[in-house]
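Below is one structure, written out as structure tokens; comments come after it.
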Amino acid sequence: MRKIALNVNDEEYSVEAKPHHSLLHVLREQLGLTGAKEGCGEGHCGACTVLLDGRPVNSCLLLAVEAEGARVTTIEGLAEGGRLHPIQEAFINQGAVQCGYCTPGMILSAKALLDEIPDPGEKEIREAISGNLCRCTGYVKIVEAIRAAGKALAATRGA
Amino acid sequence: MPKFELLEPADTREALSLLSELGERARLLAGGTDLMVNLRRGRIRPEYVVRILSKEGLQGFSTGSTGLRIGAMATIREVAVHPAIKERFPALARAALSMATPQVRNRATIGGNLCNASPAADTAPPLLVHDAEVDISGAAGSRTMPLRDFFQGPGAAALQAGEILTAIRVPDPGTGVGAAFIKLGVRKAQEIAIVSVAVLLRRGAAGQVDEARIALGAVAPTPLRVPAAEDELRSRPFSLELAARAAGLAASAVEPIDDVRATAEYRRAMAGVLVERALVDAWEKAAENCEG
Ligand SMILES: Cc1cc2nc3c(=O)[nH]c(=O)nc-3n(C[C@H](O)[C@H](O)[C@H](O)COP(=O)(O)OP(=O)(O)OC[C@H]3O[C@@H](n4cnc5c(N)ncnc54)[C@H](O)[C@@H]3O)c2cc1C
Ligand code: FES
Ligand code: FES
Numbered sequence: 000m001r002k003i004a005l006n007v008n009d010e011e012y013s014v015e016a017k018p019h020h021s022l023l024h025v026l027r028e029q030l031g032l033t034g035a036k037e038g039c040g041e042g043h044c045g046a047c048t049v050l051l052d053g054r055p056v057n058s059c060l061l062l063a064v065e066a067e068g069a070r071v072t073t074i075e076g077l078a079e080g081g082r083l084h085p086i087q088e089a090f091i092n093q094g095a096v097q098c099g100y101c102t103p104g105m106i107l108s109a110k111a112l113l114d115e116i117p118d119p120g121e122k123e124i125r126e127a128i129s130g131n132l133c134r135c136t137g138y139v140k141i142v143e144a145i146r147a148a149g150k151a152l153a154a155t156r157g158a
Numbered sequence: 000m001p002k003f004e005l006l007e008p009a010d011t012r013e014a015l016s017l018l019s020e021l022g023e024r025a026r027l028l029a030g031g032t033d034l035m036v037n038l039r040r041g042r043i044r045p046e047y048v049v050r051i052l053s054k055e056g057l058q059g060f061s062t063g064s065t066g067l068r069i070g071a072m073a074t075i076r077e078v079a080v081h082p083a084i085k086e087r088f089p090a091l092a093r094a095a096l097s098m099a100t101p102q103v104r105n106r107a108t109i110g111g112n113l114c115n116a117s118p119a120a121d122t123a124p125p126l127l128v129h130d131a132e133v134d135i136s137g138a139a140g141s142r143t144m145p146l147r148d149f150f151q152g153p154g155a156a157a158l159q160a161g162e163i164l165t166a167i168r169v170p171d172p173g174t175g176v177g178a179a180f181i182k183l184g185v186r187k188a189q190e191i192a193i194v195s196v197a198v199l200l201r202r203g204a205a206g207q208v209d210e211a212r213i214a215l216g217a218v219a220p221t222p223l224r225v226p227a228a229e230d231e232l233r234s235r236p237f238s239l240e241l242a243a244r245a246a247g248l249a250a251s252a253v254e255p256i257d258d259v260r261a262t263a264e265y266r267r268a269m270a271g272v273l274v275e276r277a278l279v280d281a282w283e284k285a286a287e288n289c290e291g
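Chains as they are written, first to last, in numbering that gives the first Met the number 0: chain A, 0 to 158; chain B, 0 to 291.
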């Protein structure tokens with residue numbers, strides 16, 4: 000066992016974890032944050048996507064110890080004061096969620112994109128979610144939701 | 000994930016002494032995007048995984064008079080967006096950007112891509128046409144070798160047990176040089192190459208080819224250069240016929256295999272097509288980079 004200090008969604012956690020456990024495992028099984036999902040466990044599906052210092056990574060391929068010293072953001076950290084994040088709102092409003100399995104990872108990839116490029120074009124959006132597979136939606140509504148979220152965020156920034 | 004013991008040496012020096020002591024029983028962890036998958040699939044079963052705490056000397060980029068040094072643990076994303084790489088080594092930037100997914104590129108390292116020694120490693124062809132060299136450290140000392148000699152077979156890099164790849168050195172290409180990278184995959188995102196091609200051409204004052212280098216990925220046991228095709232181009236005035244001839248020589252030099260992604264025959268045919276296309280592309284870029 001190894002003691003691991005994690006900063007997840009701006010909260011400090013200290014956990015005793017097995018050194019070979021992935022960040023995904025520790026988030027789900029030890030911190031009870033089940034938003035990140037295990038799909039493939041091999042870096043292909045993106046269901047396990049979290050942000051590490053603001054950038055999307057596959058938490059299934061990351062040892063939990065490697066997240067020490069970094070800021071981890073999971074889908075649970077996006078809502079503020081009981082209000083959904085504008086990207087979450089947009090996914091709901093645009094009907095970009097069906098079974099929902101891909102959604103947390105998809106939204107986090109979208110967040111990383113919009114933090115870097117506030118008004119992305121379709122090509123940039125498709126590239127940003129190229130590591131997130133969705134079996135249900137056909138992606139069109141997801142792309143629309145991300146574009147709408149970009150506009151909503153720009154409006155709040157402008158206000 | 001199968002069990003292993005995690006060792007966390009403070010720096011490269013400590014890691015080297017640990018690795019030399021443990022030999023085949025230990026594996027170095029870089030970005031983990033190959034290692035974690037291989038561990039999970041049980042393809043490798045090391046007793047120890049070694050994670051270096053301070054990556055000083057293994058990360059970052061430095062440009063000197065002779066060229067660019069890339070720390071082995073620079074991430075693929077960093078390589079893709081680095082201004083000096085985009086400007087001086089665009090084929091490498093492009094290869095990095097064409098790799099995997101945003102998530103993987105944020106973790107995967109350029110050193111890991113080379114040490115994993117996949118025939119399809121995307122950063123290999125552009126580095127090969129730039130005559131890159133690799134710095135390798137072991138407990139006994141350091142050495143530098145051409146990247147060309149580094150690939151020995153599928154999954155086999157020229158590393159002794161306990162050695163670490165510390166940096167990649169890419170000489171400055173100089174003026175009048177154009178380079179291109181083209182990758183063919185089944186789909187656009189996160190696809191291992193069916194064929195990948197990098198080309199570097201230097202354009203002489205009289206419109207002749209002063210220097211020609213061609214490298215291919217996924218069409219032989221290792222990424223490789225094709226000297227016969229390069230010789231065909233050197234010192235000749237560039238023309239579409241010449242490019243087609245060289246491409247034909249490149250296609251006959253490769254030794255592709257059949258697999259789930261493509262047949263050997265298709266790979267060979269596409270190797271020719273892509274080399275021809277990359278030659279034309281590189282020649283145009285070389286013209287743009289001519290002084291005056
Ligand atoms: C979903 C997915 C898609 C992918 N797509 C592509 C693709 O399109 N193109 C492509 O080329 N690759 C692809 N890969 C493979 C992989 O991401 C790359 O090869 C990556 O660059 C490996 O780097 P890493 O830092 O993650 O290596 P690791 O997994 O950490 O290490 C790989 C191996 O190299 C050794 N090693 C690493 N660094 C060093 C060093 N400095 N010195 C000595 N030994 C070292 C390790 O011990 C290990 O054996 C993909 C992987 C995934 C999971
Ligand atoms: S579970 Fe991590 S990428 Fe599929
Ligand atoms: S909504 Fe079902 S996988 Fe995307």
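Yeah, the Cβ is synthetic: ideal placement off N, Cα and C, and Gly gets one too.
- Between the beta-carbon of Asn115(B) and that of Val56(A) there is about 18 Å, and that puts the pair past the 8 Å contact cut.
- Judged by DSSP in its simplified three-state form, Lys2(B) adopts coil rather than helix or strand.
- If you check the C-beta of Leu23(A) against ligand 2, you find a heavy atom less than 8 Å away.
- Counting along the chain, the unbroken alpha helix (DSSP H) around Asn112(B) starts and ends at Ile109 to Cys114.
- Taking 9 Å as the cut-off, the beta carbon of Leu50(A) is found no closer than this to the beta carbon of Arg82(A).
- A direct Cα-Cα distance of roughly 5 Å separates Gly161(B) from Gly22(B).
- Taking the beta carbon of Arg39(B) as reference, the chain A residues within 8 Å of it are Gly40 and Glu41, listed in sequence order.
- Each of Gln97(A), Cys98(A), Tyr100(A), Cys101(A), Cys133(A), Arg134(A) and Cys135(A) has a C-beta closer than 5 Å to some heavy atom of ligand 3; these make up the full list, in chain order.
- Contacts between Thr122(B) and chain A, judged by CB atoms closer than 8 Å, are missing: the closest CB pair is about 17 Å apart.
- Relative to ligand 1, the beta carbon of Ile109(B) is positioned inside 8 Å of a heavy atom.
- For Gly31(B), the chain A residues whose C-beta falls within less than 8 Å of its own C-beta are Leu60, Leu61, Leu62 and Glu65, listed in chain order.
- With distances taken between CA atoms, Asn6(A) lies nearest to Leu30(A) out of Thr136(A), Pro117(A), Asn92(A) and Leu30(A).
- When only Cα atoms are considered, Thr122(B) and Ala95(B) end up about 6 Å apart.
- C-alpha of Asp114(A) to C-alpha of Glu15(A): approximately 33 Å in a straight line.
- At a cut-off of 9 Å between beta carbons, Asn288(B) makes no contact with chain A.
- Taking 8 Å as the Cβ-Cβ cut-off, the region 89-108 of chain B approaches chain A at Ala99, Thr100, Pro101, Gln102, Val103, Asn105 and Arg106, given in chain order.
- Under the Cβ criterion (8 Å, minimum of three pairs), the region 39-54 of chain B does not count as touching the region 128-138 of chain B.
- In this structure, DSSP gives Thr72(A) an extended state, which the three-state scheme calls strand.
- Residue-level contact by beta carbon holds for Lys17(A) and chain B, with a gap shorter than 9 Å.
- A buried status is given to Met35(B), since no fewer than 16 other beta-carbon atoms sit within 10 Å of its beta-carbon.
- Rounded to the nearest angstrom, the Cβ distance from Gly111(B) to Asp33(B) is 6 Å, consistent with a contact under 8 Å.
- The beta carbon of Gly63(B) sits no closer than 8 Å to any heavy atom of ligand 1.
- Thr48(A) has a beta carbon lying within less than 9 Å of a beta carbon in chain B.
- Residue range Thr102 to Glu115 is occupied by the alpha helix (DSSP H) that includes Thr102(A).
- Burial check for Ala99(B): the Cβ neighbour count within 10 Å reaches 16 or more, so the residue is buried.
- Listed in chain order, the alpha helix (DSSP H) runs fully inside the region 96-178 of chain B are 101-106, 109-114 and 123-128, counting runs of at least 4 residues.
- Counting only residues of its own chain and dropping the five nearest sequence neighbours on each side, Val64(A) has a CB closer than 7 Å to the CB of Arg1, Ile3 and Pro18.
- Where Arg125(A) is concerned, the enclosing alpha helix (DSSP H) starts and stops at Glu121 to Ala127.
- Cβ-Cβ distances below 6 Å link Lys182(B) to Ser97, Ala192 and Ser195 in the same chain, with the five nearest sequence neighbours on each side left out; the list follows chain order.
- The beta carbons of Ala246(B) and Val176(B) sit no closer together than 9 Å.
- For a Cβ distance threshold of 7 Å, nothing in chain A lies close to Leu278(B): the least Cβ distance comes to about 27 Å.
- By the 16-neighbour rule on beta-carbons within 10 angstroms, Asn131(A) is buried.
- Ala144(A) does not reach chain B, its nearest Cβ partner there being about 18 Å away, counting only Cβ pairs nearer than 7 Å.
- Contact check for Phe149(B) and Val169(B): beta-carbon distance about 14 Å, past the 8 Å limit, so the pair fails to qualify.
- Residue contact with chain A for Leu28(B): present (Cβ-Cβ distance below 9 Å to some residue of chain A).
- In this chain, the alpha helix (DSSP H) harbouring Ser19(B) covers Thr11 to Leu21.
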